[in-house]
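*Asks:* In the working numbering, the protein residues as written are 932 to 1255.
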Amino acid sequence: MDEQLPARFESVERANALWTESLRGRRISVRRDRFIAPGARLFAMGSCFAVELRIRLRALGYDVHPKYLELAFDPETQSPGRLPRRDNINHYDTGSIRQELDRALDGRRYERSDFWKLERHPILAKRRWREAWQDPYRRDIYASSLDALAELSDRIGRCIDDGLARAEVVILTLGVNESWRNRANGLQVCMGPASEEDEIRDRVDFHAPTFEENRANLRHVLDRFKERWPRKRVVLTVSPVAHARTWTGEDVVVANRHSKSVLRAVAGELCRERPELVYWPSFEFATAEDVFKEDGRHVRDEAVDRIVGAFLAAHGTGGGAARS
């Protein structure tokens, strides 16, 4: 029966307009636009789904940036996320993406006064440090001294700057519509508190951006890209990974659907405004069937492989009219 068929992408010259041809929403047609050469330089930033894209694209021989896995650091005094096992330096919301890319385009770095000294964080016991400092503008970046943190933060910044400048294609993965701001300086914080009792709870303010705010953030980034690099292609996609929790006061399922809907609507409007943009339907594919791991949030490895394979079939110059 149709409802038992797995979801699939089809790379076509013209997108299918008829629901009756969609196999109950499981056949997703994407128009061919071949602009990614074999081994091309690709830059992927955004939510944790961007990490999955980097892993697959790197394995397929593409020159993937930022090259976080090549980042030099002192494991005794510096703790950059899960490196070197996993390059999970993420930017989940459009405000964080805009802030990081503005920093890169302006050639700036985060200042020492922007960092936090932690008093009760689990990293102290885990690493047996006498003190701990955090760069709150990327995910889980810690060090045992302010000097060590400033050095690590600068290296991450240079890694992002270099990758963005070199890349021929930029992939922005939009993750969540809940964000946090540092009360002391107004900067976007990558991740908010884990609970009401979290040490950073009193340092940040919660904010759920509107459609207009998200659109303004991405328009700003796209305008700056066009001014600096008019030939650089940009791909927008919405991460299918659900919120781990919500701070809106709503049920997490309701809040997650609202979040993804806002980001999807923003991406859609921008792609209609700017024909040079490409939207890739990762979210639509993942929600056409149950492709999630046991946690119900993260996408299974084989499904990510299918998403990336179909993306390259539609947009890679070495791909054919493959379907996935």
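Just so it is clear, CB atoms sit at the ideal spot from N, CA and C, and this is done for glycine as well.
Which residue wins for smallest C-alpha separation from SER1010, given the options GLU1042, ALA1056, ALA1219 and ALA1074?
*Replies:* Walking along the sequence shown from the start, residue 1010 turns up at place 79. Out of GLU1042, ALA1056, ALA1219 and ALA1074, ALA1074 has the C-alpha closest to the C-alpha of SER1010.
*Asks:* Could you say which of PHE1046, ARG1070 and THR1008 lies nearest to ARG1059 if we only look at CA atoms?
*Replies:* Counting from 1 along the sequence shown, the entry for residue 1059 is found at position 128. It is THR1008 whose Cα lies nearest to the Cα of ARG1059.
*Asks:* Would you mind giving the Cβ-Cβ distance between ARG1228 and ALA1173, rounded to the nearest angstrom? I have them listed as a contact below 8 Å.
*Replies:* On the sequence shown, residue 1228 is found 297 positions in, with the first residue counted as 1. On the sequence shown, residue 1173 is found 242 positions in, with the first residue counted as 1. Correct: roughly 5 Å between the Cβ atoms.
*Asks:* When the Cα atoms are used, what is the spatial distance from ALA1245 to ALA1079?
*Replies:* Here residue 1245 is taken as the residue at index 314 of the sequence shown, counted from 1. Here residue 1079 is taken as the residue at index 148 of the sequence shown, counted from 1. Cα to Cα, ALA1245 sits roughly 44 Å from ALA1079.
*Asks:* Assuming the contact rule is C-beta atoms closer than 8 Å, LEU1208 and VAL1165 should be a hit. Round their C-beta distance to whole Å, please.
*Replies:* One-based indexing of the sequence shown puts residue 1208 at position 277. One-based indexing of the sequence shown puts residue 1165 at position 234. With a Cβ gap of about 6 Å, LEU1208 and VAL1165 count as contacting.
*Asks:* Leaving out five residues before and five after GLY1247 in sequence, what residues of the same chain have Cβ atoms less than 6 Å from its Cβ?
*Replies:* The residue labelled residue 1247 in the question sits at position 316 within the sequence shown. ILE967, listed in sequence order.
*Asks:* Could you tell me the alpha carbon to alpha carbon distance between VAL1185 and LEU1049, rounded to whole angstroms?
*Replies:* In the sequence shown, counting from the first residue as 1, residue 1185 sits at position 254. In the sequence shown, counting from the first residue as 1, residue 1049 sits at position 118. If you take the alpha carbons of VAL1185 and LEU1049, they lie about 33 Å apart.
*Asks:* With H, G and I counted as helix, E and B as strand and the rest as coil, what does DSSP make of VAL1222?
*Replies:* Here residue 1222 refers to the residue found at position 291 when the sequence shown is read from its first residue. Looking at VAL1222 - three-state DSSP - the assignment turns out to be coil, as it is neither helix nor strand.
*Asks:* Does DSSP classify THR1248 as helix, strand or coil?
*Replies:* To locate residue 1248, count along the sequence shown from 1; it is residue 317. Three-state DSSP puts THR1248 in coil, outside helix and strand.
*Asks:* Can we count ARG1069 as close to the ligand MG, meaning its CB is less than 8 Å from some heavy atom?
*Replies:* By its list of ligands, the structure shown contains no ligand whatsoever, and the ligand MG lies outside what it can speak to.
*Asks:* Please specify which runs of the alpha helix (DSSP H), each continuous and at least 4 residues long, are wholly inside the stretch 1116-1194, giving them in chain order.
*Replies:* Counting only runs of 4 or more, we get 1142-1159.
*Asks:* Put GLY1240 into one of helix, strand or coil per three-state DSSP.
*Replies:* Here residue 1240 refers to the residue found at position 309 of the sequence shown. Three-state DSSP puts GLY1240 in a helix.
*Asks:* Taking only the alpha-carbon atoms, compute the straight-line gap between ARG1061 and ARG1188 and give it to the nearest angstrom.
*Replies:* Residue numbering aside, residue 1061 sits at position 130 when the sequence shown is read from its first letter. Residue numbering aside, residue 1188 sits at position 257 when the sequence shown is read from its first letter. Their backbone Cα atoms lie some 42 Å apart in a straight line.
*Asks:* Cβ atoms of ARG957 and GLU1233: under 9 Å apart, would you say?
*Replies:* Start at 1 with the first residue of the sequence shown, and residue 1233 comes out as number 302. Start at 1 with the first residue of the sequence shown, and residue 957 comes out as number 26. Going by C-beta atoms, GLU1233 is not nearer than 9 Å to ARG957.
*Asks:* If you reduce the DSSP assignment to three classes, tell me which class PHE1046 lands in.
*Replies:* Taking the sequence shown and counting its residues from 1, one reaches residue 1046 at position 115. Three-state DSSP puts PHE1046 in coil, outside helix and strand.
*Asks:* Would you list the residues sitting across from PRO1011 in a DSSP beta bridge?
*Replies:* By one-based count along the sequence shown, residue 1011 stands at place 80. Paired residues: ILE1072.
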